[in-house]
Amino acid sequence: MEIWVNPRCSKCRSAVSLLDEAGATYTVRRYLEDPPTPAELEAVLDRLGLDPWDITRTGEKVATELGLKSWPRTPADRARWIEALAANPVLIQRPIVTADDGTTVVARDEETVRSVLG
Numbered sequence: 333m334e335i336w337v338n339p340r341c342s343k344c345r346s347a348v349s350l351l352d353e354a355g356a357t358y359t360v361r362r363y364l365e366d367p368p369t370p371a372e373l374e375a376v377l378d379r380l381g382l383d384p385w386d387i388t389r390t391g392e393k394v395a396t397e398l399g400l401k402s403w404p405r406t407p408a409d410r411a412r413w414i415e416a417l418a419a420n421p422v423l424i425q426r427p428i429v430t431a432d433d434g435t436t437v438v439a440r441d442e443e444t445v446r447s448v449l450g
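With the numbering used here applied, the sequence shown corresponds to residues 333 to 450, in that order.
1) I'd like the span of the alpha helix (DSSP H) that includes Ile424, first residue to last.
2) Going by the DSSP bridge assignment, what does Arg362 pair with across the sheet?
3) Can you check which of these residues, Gly450, Leu449, Arg446, Asp433, is closest to Arg379 by C-alpha distance?
4) Give me the residue from Arg340, Thr357, Pro339 with the minimum Cα distance to Gly450.
5) Going by DSSP in three states, Thr435 sits in which element: helix, strand or coil?
6) With a CB to CB cut of under 8 Å and the five nearest residues on each side skipped, what residues in its chain are close to Glu415?
7) With 16 as the cutoff for other CB atoms within 10 Å, does Arg340 come out buried or exposed?
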């Protein structure tokens, strides 16, 4: 299992605590320090069944600077969004947990975290 976290994020810390309490074995990826590549983002999005704009934190300062809220959200624009997320990982919603079976979730609440524990 892998979890993408920002240690300053309370939801990330909560998810890590739940995984620890469950005795789960996992790898922590501090995605701000070790940003995912566009290919890794594409793979995670495929597993999530989401588009890049679905996991974009549009309230971040860099989102405003890039004008993300006005970017088209069409299949033709998907690569542009993925490139923006890879170049600016602070825009990625967190935490993201990928279970060993490939199940992937944006683990923003306790129920979602527990859903990957089996």
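Backbone N, C-alpha and C define an ideal beta-carbon position, used for all residues, glycine too.
Since we're looking at a predicted model, the values are computed, not measured.
According to the structure data:
1) Counting along the chain, Ile424 falls outside any alpha helix (DSSP H), and DSSP gives it neither H nor E.
2) In DSSP, Arg362 forms a bridge with Val337.
3) Asp433
4) Thr357
5) coil
6) Pro370
7) exposed
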